[in-house]
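A short write-up of the structure that comes next.
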Amino acid sequence: MADEALFEFLHMEVVSYLFKTADEEKCIPILENMGYRVGHSLAERFTKDSSRFKDELDIMKFICKDFWTSVYKKQVDNLRTNHQGVYVLQDNRCRVLTQISASKQYLEAAPNYLAFPCGLIRGALANLGISCIVTAEVQNMPACKFQIMIQRSQ
Amino acid sequence: MTGQRSSKMAVCVAVISKENYPLYIQTIPTEDDLKFHYTVHTSLDVVEEKINNVGKTTNDLRELYLGLLYPTEDYKVYGYVTNTKIKFVVVVESSNTALRDNEIRTMFRKLHNAYTDLVCNPFYTPGDRITSRVFEKVVNAMMLQDS
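Residue numbers (this note's numbering), protein chains in the order written: chain A, 41 to 194; chain B, 438 to 584.
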């Protein structure tokens, strides 16, 4: 579908433009912050019609189902938690990685493409009242794991 | 109280942030609009109480609309909390019986829509005071509509 391709192309262009123009070590935080702002707004928009969330797990389920479907047209494939503030979201076909060759060749480029989605999750959760650190990890190419570590203030 | 019907819908509309500071507050022009600021401020405790009670009783409607927070002699205060903990407070005159629950609901709905549009504006920094003219227009429509 055309509208899905637009987002993919825009994202690819943003990443490649940044890495051409900005300092290497600044690129990831810039992309992450960009995602944060977008996630923050999207959370506001997507939760408009949903009922109030009961707890943290409820919010995570929302991220995995509604949020992911709205952004990436599919649900997160697996959600795991240790019930102590660490959640792992596994997406077997991560949309931002599907256009990249599914071999080990571009594995080291993957973090560049995952900075934006990480920020997206962090921003959405921040707006819903959960401050956290989100990191991504890729072992086999189109599959990706997002680790969410919740920071408790107390 | 004069016999004439009030043409105003709401007398005060306020948007309060996650951290309980006002993002936006608009009142009808009166000599002491500080009174409304005070009313809105005191309503926050009731809002807090209502949110905290939601999880405890089962088969509770987990709605964003909180309903009537508290009535005073002259005014009724209604509340609404988004999932992102932004609070909307609307004050109407008690004498205004034309406003039913449904109308209040629609008002909040409109307010929420306007707020989401505002947050999606890339030039607006979340947590800043709201100065958007579009948002203001929505609020003004709520306050001065003729009945």
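C-beta atoms are modelled at their ideal positions from N, C-alpha and C, and glycine is treated no differently. Here the structure is a predicted model, which is why all the values come from computation and not from measurement.
Beta-bridge partners of residue i, as assigned by DSSP
i, result
"A/A176", "A/F186"
"A/N118", "A/Q130"
"B/V452", "B/Y461 and B/F525"
"B/E530", "B/Y512"
Beta carbon proximity, residue i to chain A, threshold 8 angstroms
i, result
"B/N490", "no"
"B/N520", "yes"
"B/T439", "Because B/T439 carries a pLDDT of 41, less than 50, the predicted location of this residue cannot be relied on, and no value is offered for it."
"B/V575", "no"
"B/T543", "no"
"B/L501", "yes"
"B/V526", "no"
Own chain, CB closer than 7 angstroms to residue i, minus 5 neighbours either side, in chain order
i, result
"A/N167", "H80, A83 and E84"
"B/L621", "An answer regarding residue 621 of chain B cannot be provided, because it is not within the stretch 438 to 584 covered by chain B."
"B/I488", "V518"
Cutoff 8 angstroms: residue i Cβ touching any chain B Cβ
i, result
"A/T87", "yes"
"A/I188", "no"
"A/F93", "yes"
"A/G79", "no"
"A/L46", "no"
Nonlocal neighbours in the same chain, by C-beta distance under 6 angstroms from residue i, ignoring five residues either side
i, result
"A/I188", "Y127, C172 and V174"
"B/Y461", "V452 and I567"
"B/K455", "K522"
"A/K177", "In the sequence on display, residue 177 of chain A carries Glu and not Lys. These residues qualify, in order along the chain: K185."
Closer than 7 angstroms: residue i CB and nearest the ligand FAD heavy atom
i, result
"A/I190", "For the structure depicted, the ligand FAD is absent and the ligand set is empty, with no information on it obtainable."
In chain order, what are the residue ranges of uninterrupted beta strand (DSSP E) at least 3 long that sit wholly in the stretch 499–526 of chain B? 502–508 and 512–518
Closer than 8 angstroms is the cut-off here; do at least three beta carbon pairs connect the stretch 461–479 of chain B with the stretch 521–529 of chain B? yes
Alpha helix (DSSP H) segments (min. 4 residues) lying fully within the stretch 64–93 of chain A: Counting whole runs of 4 or more residues, the stretch 64–93 of chain A contains the alpha helix (DSSP H) stretches 64–86.
Stretch-stretch touch, CB-based, cutoff 8 angstroms, three pairs: the stretch 119–133 of chain A with the stretch 143–156 of chain A: no
Stretch pair the stretch 55–74 of chain A + the stretch 545–562 of chain B: three plus CB contacts closer than 8 angstroms: no
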